[in-house]
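What follows is a single structure, written as structure tokens, with notes after it.
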Amino acid sequence: MSARIGLMAALPEEMAAVLAAMPDEARVTLAGRDFWVGHLHGREVVAVLSGIGKVAAATTTALLASHFGVGQVVFVGVAGGLGDGVRVGDVVLADALMQHDMDASPLFPRFELPGKGLSRLPADPGAVARARVALSAALTPASLADTAPQGLQAADLAALGLDWPQVHQGLIVSGDRFVCTDGECAALRAAVPDALAVEMEGAAVAQVCHDFGVPCLVVRTVSDRADDAAHVDFPRFLRAVASPYASAMLSHLLPVL
Numbered sequence: 001m002s003a004r005i006g007l008m009a010a011l012p013e014e015m016a017a018v019l020a021a022m023p024d025e026a027r028v029t030l031a032g033r034d035f036w037v038g039h040l041h042g043r044e045v046v047a048v049l050s051g052i053g054k055v056a057a058a059t060t061t062a063l064l065a066s067h068f069g070v071g072q073v074v075f076v077g078v079a080g081g082l083g084d085g086v087r088v089g090d091v092v093l094a095d096a097l098m099q100h101d102m103d104a105s106p107l108f109p110r111f112e113l114p115g116k117g118l119s120r121l122p123a124d125p126g127a128v129a130r131a132r133v134a135l136s137a138a139l140t141p142a143s144l145a146d147t148a149p150q151g152l153q154a155a156d157l158a159a160l161g162l163d164w165p166q167v168h169q170g171l172i173v174s175g176d177r178f179v180c181t182d183g184e185c186a187a188l189r190a191a192v193p194d195a196l197a198v199e200m201e202g203a204a205v206a207q208v209c210h211d212f213g214v215p216c217l218v219v220r221t222v223s224d225r226a227d228d229a230a231h232v233d234f235p236r237f238l239r240a241v242a243s244p245y246a247s248a249m250l251s252h253l254l255p256v257l
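Right, here's the structure in full:
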């Protein structure tokens, strides 16, 4: 059997459908976090809420690697869209992650991780390639209607002004700030023009995984455009879209990892 997989999300709503699908979970509490150990889609998994922000995510990832001995980490959740053509409701698969608020200049170039000699942490190319195929299969109308809890239908998305999702692959940036104004969004796009999405945990997860030699995948559903525009009701988006997407995506991802 392949090594167990760590499943992470920042918010309870992002993990709700996943935990509901685990038939045999046992709870282990460490460092104020509940880790749910069990099986999902034929794989041994440890599911946990990281909490919000880079430090919380780093602590959780270190525990997954050191205490639970996971062989891979998968982070699912929401993000703000930055890239052209990245719509609310789309999914971004990270092939690299970077901390957009890392700046130790003039000692090191902006964004570079001190002592690492790099700013962008690449994901495993083989895992990304397999994940891209799996995500594309998971996010079809037929698949979402079949695998998502209660069956996600076109009417559910239309009620939120959304269309069926597209999968994008590229750079995701992370920082300890919720980017939600036109000014912040424009500054971030100018500083990192190839960034597709922004969130608050992924790059920290990637750095800890890099240190432990554990591959990681970060998959984000775009909940907004990280600007002044309010596209959807956020709690409703988490419940109606992000949670069923996570369940559907993992049903296709786990068998190929």
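Counting from 1, position 241 in the sequence shown corresponds to residue 241 in full-length UniProt numbering; the numbering is continuous, with no gaps.
The C-beta atom is built at its ideal place from N, Cα and C for all residues, glycine as well.
Unbroken alpha helix (DSSP H) run spanning residue i, endpoints
i, result
"Phe75", "Premise fails: Phe75 lies in the beta strand (DSSP E), Gln72 to Gly81, not in any alpha helix (DSSP H)."
"Ser243", "Ser243 to Leu253"
"Phe237", "Phe234 to Phe237"
"residue 262", "No statement about residue 262 is possible, as the shown extent of the chain runs from 1 to 257 and does not include it."
"Ser136", "Pro125 to Ala138"
Boundaries of the beta strand (DSSP E) in which residue i is found, first to last residue
i, result
"Leu40", "Arg33 to Leu40"
"Arg43", "Arg43 to Leu49"
"Ala26", "Ala26 to Leu30"
Three-state secondary structure assigned by DSSP to residue i
i, result
"Gln99", "strand"
"Arg177", "coil"
"Met8", "strand"
"Arg220", "strand"
"Glu199", "strand"
"Arg120", "coil"
"His67", "coil"
"Met1", "In this prediction, Met1 has a pLDDT of 44, which is less than 50 and means its spatial position is unreliable; nothing more can be read from the coordinates."
"Leu160", "coil"
"residue 261", "This structure cannot speak to residue 261, because the chain is shown only from 1 to 257."
"Gly170", "strand"
"Val91", "strand"
"Leu152", "coil"
"Leu144", "helix"
"Ala257", "Checking the sequence shown, residue 257 turns out to be Leu, not Ala. Correct three-state label for Leu257: coil."
Nearest-angstrom Cβ-Cβ length linking residue i and residue j, presumed shorter than 8 Å
i, j, result
"Leu253", "Ala131", "6 Å"
"Val73", "Val214", "6 Å"
"Val179", "Ala127", "Rounded, the Cβ-Cβ distance is 27 Å, inconsistent with contact."
"Pro135", "Val91", "A small fix is needed here, since residue 135 is Leu in this sequence, not Pro. Contact holds; Cβ gap of about 6 Å."
"Leu238", "Glu14", "7 Å"
"Ala9", "Leu97", "Not really, about 16 Å apart at Cβ, beyond 8 Å."
Check: residue i C-beta below 7 Å from any heavy atom of the ligand FAD
i, result
"Ala65", "Ligands displayed in this structure: none; no statement on the ligand FAD is therefore possible."
request  = Report yes or no: do the region 45–61 and the region 2–13 share at least 3 C-beta pairs separated by less than 8 Å?
outcome  = yes
ask   = Is the region 231–249 touching the region 115–123 in the sense that three or more CB pairs, one from each, lie closer than 8 Å?
value = no
inquiry  = Is it the case that the region 99–114 contacts the region 239–254, given that we only count it when at least three CB pairs across the two stretches are under 8 Å?
reply    = no
ask   = With a cut-off of 8 Å, do at least 3 Cβ pairs link the region 155–173 to the region 186–201?
value = yes
message = Within 8 Å, do at least three Cβ pairs link the region 55–74 to the region 18–25?
response = no
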